[in-house]
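Chemist: This structure is in structure tokens; I'll ask about it shortly.
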Amino acid sequence: MAAINLLVNGMRHTVEVEPSTPLLYVLRNDLDLAGPKFGCGLGQCGACTVLIRGEAVRSCVRPVSQVQNVEITTLEGLAKSGQLDPIQQAWIDEQVPACGFCQNGQILTAKALLDKNPNPTDAQIRDGMKNTLCRCMTYYRINAAVKLAAQRRNA
Amino acid sequence: MTRTPSRRSFLQTTGMLVASAAAISLEGVEAFLQQAATPAGPYPDIDFLQLDSWIVIRPDNTATFFVGKTDLGQGTGTAFRQIMADELDIKFENTTCIMGATDTTPDQGGSGGSDALQTDGYPMRRVAAEARRVLLDMAAQHLNVPVTSLAVSDGVVRTTIGDTADREVTYGELIGGKKFNVTLSGRNVDATTGKAPLKSVKDMPNVGRSPRRDDIPAKVNGSQRWAVDMKVPGMLHARHVRPPMVGATLKAIDEASVKDVPGLVRVISRGNYVAVVCEREEQAIRAARQLKIEWTPPATAPFPSSENLFTFMRAATPSSASEPSVVGDMAAGFAGAATTIEANYDVPFQGHTSFGPAHAMADPSNGQLTIYSNDMKSYGMRAGVAQFLKIPKEKIRVVWMHGPQAYGRTAADDAGFEAAFLATELGRPVRVQWSRQEETAWDTKGPAYAVTMKGGLDAKGQLVALDYDARAADFNHVGYNEHDTVLISQLMGQRKTPARGRASYPSDKYGVPNRRMAGSVVPMPLAWETPVRMGNLRDPDGPQVTFASESFIDELAFAAKADPLAFRLALLERGTGDDSGFKRARSIACIKAAAEKFGWDTRPSPKSRGTGDIATGRGVAYAYRSETVAVEIVEVDVNRRTGHVWVKRIVCAHDCGLVINPEAATRTLEGGLLHSVSRALHEEARFDESKMLTVDWVTSPTLTHADVPERIDIVHVNGDPNPNRPDLRHYGAGETVCKPMLAAVANAIFDATGVRMRRLPFTAPRVLAALKA
Chain Y
3 MAAINLLVNG
13 MRHTVEVEPS
23 TPLLYVLRND
33 LDLAGPKFGC
43 GLGQCGACTV
53 LIRGEAVRSC
63 VRPVSQVQNV
73 EITTLEGLAK
83 SGQLDPIQQA
93 WIDEQVPACG
103 FCQNGQILTA
113 KALLDKNPNP
123 TDAQIRDGMK
133 NTLCRCMTYY
143 RINAAVKLAA
153 QRRNA
Chain D
5 MTRTPSRRSF
15 LQTTGMLVAS
25 AAAISLEGVE
35 AFLQQAATPA
45 GPYPDIDFLQ
55 LDSWIVIRPD
65 NTATFFVGKT
75 DLGQGTGTAF
85 RQIMADELDI
95 KFENTTCIMG
105 ATDTTPDQGG
115 SGGSDALQTD
125 GYPMRRVAAE
135 ARRVLLDMAA
145 QHLNVPVTSL
155 AVSDGVVRTT
165 IGDTADREVT
175 YGELIGGKKF
185 NVTLSGRNVD
195 ATTGKAPLKS
205 VKDMPNVGRS
215 PRRDDIPAKV
225 NGSQRWAVDM
235 KVPGMLHARH
245 VRPPMVGATL
255 KAIDEASVKD
265 VPGLVRVISR
275 GNYVAVVCER
285 EEQAIRAARQ
295 LKIEWTPPAT
305 APFPSSENLF
315 TFMRAATPSS
325 ASEPSVVGDM
335 AAGFAGAATT
345 IEANYDVPFQ
355 GHTSFGPAHA
365 MADPSNGQLT
375 IYSNDMKSYG
385 MRAGVAQFLK
395 IPKEKIRVVW
405 MHGPQAYGRT
415 AADDAGFEAA
425 FLATELGRPV
435 RVQWSRQEET
445 AWDTKGPAYA
455 VTMKGGLDAK
465 GQLVALDYDA
475 RAADFNHVGY
485 NEHDTVLISQ
495 LMGQRKTPAR
505 GRASYPSDKY
515 GVPNRRMAGS
525 VVPMPLAWET
535 PVRMGNLRDP
545 DGPQVTFASE
555 SFIDELAFAA
565 KADPLAFRLA
575 LLERGTGDDS
585 GFKRARSIAC
595 IKAAAEKFGW
605 DTRPSPKSRG
615 TGDIATGRGV
625 AYAYRSETVA
635 VEIVEVDVNR
645 RTGHVWVKRI
655 VCAHDCGLVI
665 NPEAATRTLE
675 GGLLHSVSRA
685 LHEEARFDES
695 KMLTVDWVTS
705 PTLTHADVPE
715 RIDIVHVNGD
725 PNPNRPDLRH
735 YGAGETVCKP
745 MLAAVANAIF
755 DATGVRMRRL
765 PFTAPRVLAA
775 LKA
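In order, the protein sequences belong to chains Y and D.
Residues 3 to 157 (the numbering used here) are what the first sequence spells out, left to right.
Residues 5 to 777 (the numbering used here) are what the second sequence spells out, left to right.
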């Protein structure tokens, strides 16, 4: 066990855990953040995605000791001053989720994608999102929501 | 029944199960966490014959509906509010709906069969109509006018005649915070009714509107608390160790191998069931990896390898047979045929592979047992766990909470029993979480099918004889929450006798003068304690059956040199059987609607070939399920160099009767269509002769964003061909669309390339090999 210092959604936390513990379990079990989900524990599906320095990172395979004192954003931290991020709003307006379990990863992956490329083509959306899985197959609506969010962000 | 204090406090405090129009507030989340403090129990059944069990109206003129269903992401909770608000005459925005908590909502069986609106929607409408009737009677007394002089809208009752006009009273003023004390009638929950008649659909303003799904905001902003998030003080974390070789017997556990794992509470084993329980989740993961167990391999292989599956199935001795369905005289039909063709179709085992591995949390506080689960059949879990643990049902409640992808009998059932067992053993709350590898390997599978089709065409190309003969590997079909077939029970050796299983038949309305459908079940060597275990997977058997039947109709159209869509229309138009449910007429309407939307050009398949890498083709297939009809047309690109298939356009014409929420229905159908595309192109549970080979998303691929179609069009075909029926009924939507897709894709590949794919899935290597053959 070791004291680990984390900066999550603008808040500082110190937790006593094994340094090798994947970030996911600390976020979920110690910090009570339910946005990131356990989907595979293998970095394959994207359910556990968080943003670290603007990158979409899979928290299920990232040891907590490696992400000390860097700004971590979870789904809960995406809204600013009570205002949903345009991507979240697009997700509601397009009524994207079915079960919704993967949507944490979809939304945060889309956020990282649009922050880097504000005007992605259809092919760039497909490519940028292809490793974030959805088994309810809401892909078609996610695609539409990403375009809607891009349009609004650029307006 | 008398409403228990727990139910009352639940109403006051719960945040997460109340589906409200607004995003759930922080207060709601706090209330949810408080709710985790277990009410004392016991937990008697909710009496469905009491109006108070279904509807509560508060002084502020808001209503909460209690229904015994679960919403797996189709928006049924929102649709229930729409139809109940309409029957009650209250504002949709002033309603909430609580679902699937066994001590709070009447037992409507949870979800399954896409029948939420077809079956359960009617008692919901009737009880809401009855509440309106009772409230109008109360208003008549209150205002001292005859009930016939009253009008109601948005929960406000007004007088309409004479000098009493314009006096009004709200539902909340009449009954807010009080009980109806009205007894309903009905021999079972589906038949529950009061005295009030149902409204005419034209008087239901919310029907056909698409208010947004009430669960989406919290799922998008991160405030939703799911079953996977359920935690209480003192809760432990469990992980499993499964037999590494299927059919192996546990010989010895080396507990010393995990003695250095911090937080280890106990290694628990019973028969071949093994769990490690730790204070923290990552500790349980480590203990499960580290635990050394000696297993004795089985004497014989549990199953053939998946490579040899169909050879094995076609040679096996069936364990049971379905009753054949025969029309006309098969021998005479084939004797009169000018052309006879025959073909075999093979569909492998396919898993649910739920996106979120199975999980549940069980809390044994107060000498009772509360199970928090996303299982779609919470009531069945309560009854099954009572039998499994041999404790009275009244001591158990199952609280349904939102969860990942559940389209049938998933391993959520198994996890609920495992959590209940471990919590009871340890006397502490335990959260069970399956690993990805466990989920993909050990969840239930849709049965493999090996089908032989034979058909005869007369000299004019008319279908005169059609034979369907299926072999289904449905040899160990597990039901929902069965105390002796859930995985823990199997591994404890409790189940000895085989399950009968079934082989299913095509569902179409074709007019074929001589037709036989027959099927049998074939067993694998090992029936129990195997990951090759069958359970209902999204329209159980339908995709397999329809792949064979609707691919073969295309092959017959090819033999008859006919356009495959026109060939189907002609077969439907030749139908002479009873059509009192108008399924034949509605099938014809759907085929025409799909063809029009797609812009179908009438010509035989295959299309004349181009020369580039990409060959494009279109295919159609059709089926019905219960009362619902689906016709699907897809356009595919086949890459002749790589074998990659892209389904780039889908048109689905769908008739499920009255559509309550068109947007939610459309989304549900889109998801079902694409899941079926994934099954067509990617999904197969693979194994060698001792273990599963598909264990994660690399070994068990699924459709991804990369292959999203360019366009999906859903056409809701809802004309009622019966002029004498005042109102269209609401049928089921969802699973029907899973039937035709596999054949539609195969038919489109044939149209594009002239190559007939008869074995699923159509992976790039398999298609490439077929193109080169």
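Beta carbons: idealized from backbone N, C-alpha and C, even for Gly.
Here the structure is a predicted model, which means the values were calculated and not measured.
Can you give me the start and stop residues for the beta strand (DSSP E) that N518 of chain D sits inside?
Modeler: Locating residue 518 of chain D in the second sequence gives position 514, counting from the first residue. N518 to V525 is the span of the beta strand (DSSP E), which, as asked, contains N518 of chain D.
Chemist: Going by alpha carbons, who is nearest to G392 of chain D out of D:D488, D:A463, D:Q409 and D:E398?
Modeler: Residue numbering aside, residue 392 of chain D sits at position 388 when the second sequence is read from its first letter. The question names Gly, but residue 392 of chain D is Phe in the sequence shown. Checked all of D:D488, D:A463, D:Q409 and D:E398; the closest Cα to F392 of chain D is D:D488.
Chemist: Would you identify the three-state DSSP class for G459 of chain D, choosing helix, strand or coil?
Modeler: Here residue 459 of chain D corresponds to residue number 455 of the second sequence, with the count starting at 1. In this structure, G459 of chain D counts as strand in the three-state DSSP scheme.
Chemist: Consult DSSP for V640 of chain D and reduce its assignment to one of helix, strand or coil.
Modeler: Sequence index remark: in the second sequence, residue 640 of chain D carries index 636 (1-based). Reduced to three states, the DSSP call for V640 of chain D is strand.
Chemist: In the DSSP assignment, the beta strand (DSSP E) including G621 of chain D goes from what residue to what residue?
Modeler: Numbered from 1 along the second sequence, position 617 holds the residue referred to as residue 621 of chain D. Residues I618 to R629.
Chemist: Among D:H679, D:R290 and D:I592, whose alpha-carbon lies nearest the alpha-carbon of P713 of chain D?
Modeler: As a position in the second sequence, residue 713 of chain D is number 709, starting the count at 1. Nearest C-alpha to P713 of chain D: D:H679.
Chemist: According to DSSP, simplified to helix, strand and coil, what is L139 of chain D?
Modeler: For the purposes of this step, residue 139 of chain D is taken as the residue at position 135 of the second sequence. Looking at L139 of chain D - three-state DSSP - the assignment turns out to be helix.
Chemist: Of all the residues that make up the region 355-378 of chain D, which are near chain Y by a beta-carbon distance shorter than 8 Å?
Modeler: Listed by position, the residues of the region 355-378 of chain D near chain Y (Cβ gap below 8 Å) are T357, S358, F359, G360 and P361.
Chemist: Assign A143 of chain D to buried or exposed, taking buried as 16 or more other Cβ atoms, counted over all protein chains shown, within 10 Å of its Cβ.
Modeler: Position 139 of the second sequence, counted from the start, is the residue given in the question as residue 143 of chain D. The residue in question, A143 of chain D, is buried, as its Cβ has 16 or more Cβ neighbours within 10 Å.
Chemist: Taking the beta strand (DSSP E) that V331 of chain D falls in, what are its first and last residues?
Modeler: Numbered from its first residue, the second sequence carries residue 331 of chain D at position 327. From DSSP, the beta strand (DSSP E) with V331 of chain D extends over S329 to V331.
Chemist: What residue from D:R284, D:P150 and D:T108 has the CA that sits closest to E18 of chain Y's CA?
Modeler: Indexing the first sequence from 1 puts residue 18 of chain Y at position 16. The option with the nearest alpha carbon to E18 of chain Y is D:R284.
Chemist: Quick one: Cα of D462 of chain D to Cα of A657 of chain D, how far?
Modeler: The residue labelled residue 462 of chain D in the question sits at position 458 within the second sequence. The residue labelled residue 657 of chain D in the question sits at position 653 within the second sequence. So the alpha carbons of these two residues sit roughly 31 Å apart.
Chemist: What's the call for V60 of chain D, buried or exposed, on a 16-neighbour Cβ count within 10 Å?
Modeler: Here residue 60 of chain D refers to the residue found at position 56 when the second sequence is read from its first residue. Burial call: buried.
Chemist: If distances are taken between C-alpha atoms only, which option among D:N722, D:T152 and D:T174 comes closest to G166 of chain D?
Modeler: Position 162 of the second sequence, counted from the start, is the residue given in the question as residue 166 of chain D. The shortest Cα separation from G166 of chain D among D:N722, D:T152 and D:T174 belongs to D:T152.
Chemist: Of the choices D:R216, D:A419, D:G621 and D:K183, whose alpha-carbon is the least far from that of N665 of chain D?
Modeler: Reading the second sequence from its first residue, position 661 is the one you call residue 665 of chain D. If we check each option's Cα against that of N665 of chain D, D:R216 comes out closest.
Chemist: Which chain D residues sit within Cβ distance under 8 Å of M13 of chain Y?
Modeler: Residue mapping note: residue 13 of chain Y aligns to position 11 of the first sequence, counting from 1. The contacting residues do not exist; M13 of chain Y stays about 14 Å from chain D at best.
Chemist: Please confirm if S709 of chain D has its CB atom under 8 Å from at least one CB of chain Y.
Modeler: Here residue 709 of chain D refers to the residue found at position 705 of the second sequence. The question names Ser, yet the displayed sequence has His at residue 709 of chain D. It does; some Cβ of chain Y falls within 8 Å.
Chemist: What's the gap between the Cα of K743 of chain D and the Cα of T550 of chain D?
Modeler: Stepping through the second sequence from its first residue, residue 743 of chain D is reached at position 739. Stepping through the second sequence from its first residue, residue 550 of chain D is reached at position 546. The alpha-carbon atoms of K743 of chain D and T550 of chain D are separated by roughly 6 Å.
Chemist: Taking Cβ-Cβ distances shorter than 8 Å, what residues in chain Y pair up with T706 of chain D?
Modeler: Along the second sequence, read from residue 1 onward, the residue named residue 706 of chain D stands at position 702. Neighbours of T706 of chain D on chain Y, chain order: L135 and R137.
Chemist: Could you check whether the region 209-224 of chain D touches the region 82-92 of chain D, counting it as contact only if at least three pairs of C-beta atoms, one from each stretch, sit closer than 8 Å?
Modeler: Touching, yes, given that three or more Cβ pairs across the two stretches are closer than 8 Å.
Chemist: Can you give me the Cβ contacts of V245 of chain D inside the same chain, cut-off strictly under 8 Å, excluding the 5 residues immediately before and after it?
Modeler: Along the second sequence, one-based indexing puts residue 245 of chain D at 241. Only V278, A279, V280, A292, L295 and I297 meet the Cβ criterion.
Chemist: In chain order, what residues of the same chain have a beta carbon less than 6 Å from the beta carbon of A100 of chain Y, not counting five sequence neighbours either side?
Modeler: Counting from 1 along the first sequence, the entry for residue 100 of chain Y is found at position 98. Counting only Cβ-Cβ distances below 6 Å, and skipping sequence neighbours, we find C138 and T140.
Chemist: Which residues in chain D have a C-beta closer than 7 Å to the C-beta of R128 of chain Y? List them in chain order.
Modeler: Residue 128 of chain Y sits at position 126 when you count from the first residue of the first sequence. Those within 7 Å of R128 of chain Y in chain D are H709, A710 and V712.
Chemist: Under 8 Å between the Cβ atoms of P468 of chain D and S323 of chain D?
Modeler: Residue 468 of chain D sits at position 464 when you count from the first residue of the second sequence. Residue 323 of chain D sits at position 319 when you count from the first residue of the second sequence. In the sequence under discussion, the amino acid at residue 468 of chain D is Val, which differs from the Pro named in the question. No, the pair does not count as a contact, with Cβ atoms beyond the cut-off.
Chemist: Of all Cβ atoms in chain Y, is any one closer than 8 Å to the Cβ of D700 of chain D?
Modeler: Indexing the second sequence from 1 puts residue 700 of chain D at position 696. At least one chain Y Cβ lies under 8 Å of D700 of chain D.
Chemist: Quick one: does N540 of chain D have its CB under 8 Å from some CB of chain Y?
Modeler: Residue 540 of chain D sits at position 536 when you count from the first residue of the second sequence. Taking Cβ atoms only, chain Y never reaches closer than 8 Å to N540 of chain D, which makes this a no.
Chemist: When you compare each of D:R622, D:V516 and D:S591 to N751 of chain D by their alpha carbons, which one comes out closest?
Modeler: By 1-based counting over the second sequence, the position of residue 751 of chain D is 747. N751 of chain D has its Cα closest to that of D:R622, out of D:R622, D:V516 and D:S591.
Chemist: Do you know how far the Cα of H356 of chain D is from the Cα of D478 of chain D?
Modeler: For the purposes of this step, residue 478 of chain D is taken as residue 474 along the second sequence, with counting starting at 1. For the purposes of this step, residue 356 of chain D is taken as residue 352 along the second sequence, with counting starting at 1. Each residue's alpha carbon lies about 15 Å from the other.
Chemist: Nearest by alpha-carbon distance to I557 of chain D: which of D:D219, D:P247, D:F754 and D:Y735 is it?
Modeler: Within the second sequence, residue 557 of chain D is the residue found at index 553, counting from 1. Here the closest residue by C-alpha is D:F754.
Chemist: Where G581 of chain D and G176 of chain D are concerned, what is the direct C-alpha to C-alpha distance, given to the nearest angstrom?
Modeler: The residue given as residue 581 of chain D occupies position 577 in the second sequence. The residue given as residue 176 of chain D occupies position 172 in the second sequence. If I take the Cα positions, the gap works out to 53 Å.
Chemist: At a CB-CB cut-off below 8 Å, which residues of chain Y make contact with Q437 of chain D?
Modeler: In the second sequence, residue 437 of chain D corresponds to position 433, counting from 1. The contacting residues are F40.
Chemist: So, do the region 409-418 of chain D and the region 498-515 of chain D have three or more beta carbon pairs nearer to each other than 8 Å?
Modeler: Because the criterion of three Cβ pairs below 8 Å is not met, the region 409-418 of chain D and the region 498-515 of chain D do not touch.
Chemist: What residues from chain D crowd round P24 of chain Y, counting only those whose CB sits closer than 8 Å?
Modeler: Taking the first sequence and counting its residues from 1, one reaches residue 24 of chain Y at position 22. Ordered by position in chain D, the residues that pass the 8 Å Cβ test against P24 of chain Y are E286.
Chemist: Within 8 Å (strictly less), CB to CB, does H2 of chain D reach chain Y?
Modeler: Lying outside 5 to 777, the shown extent of chain D, residue 2 of chain D is not represented and no answer is given.
Chemist: If I measure Cβ to Cβ from R386 of chain D and keep anything under 7 Å in the same chain, skipping five residues before and after, which residues do I get?
Modeler: Here the question's residue 386 of chain D lines up with position 382 in the second sequence. Answer for R386 of chain D: T106, K397, I400, R401 and V402, listed in chain order.
Chemist: Take S329 of chain D as the anchor and find which of D:D471, D:Q409 and D:D218 has the nearest alpha-carbon.
Modeler: Your numbering for residue 329 of chain D matches position 325 in the second sequence. Selected option, being the one with the closest Cα: D:D471.
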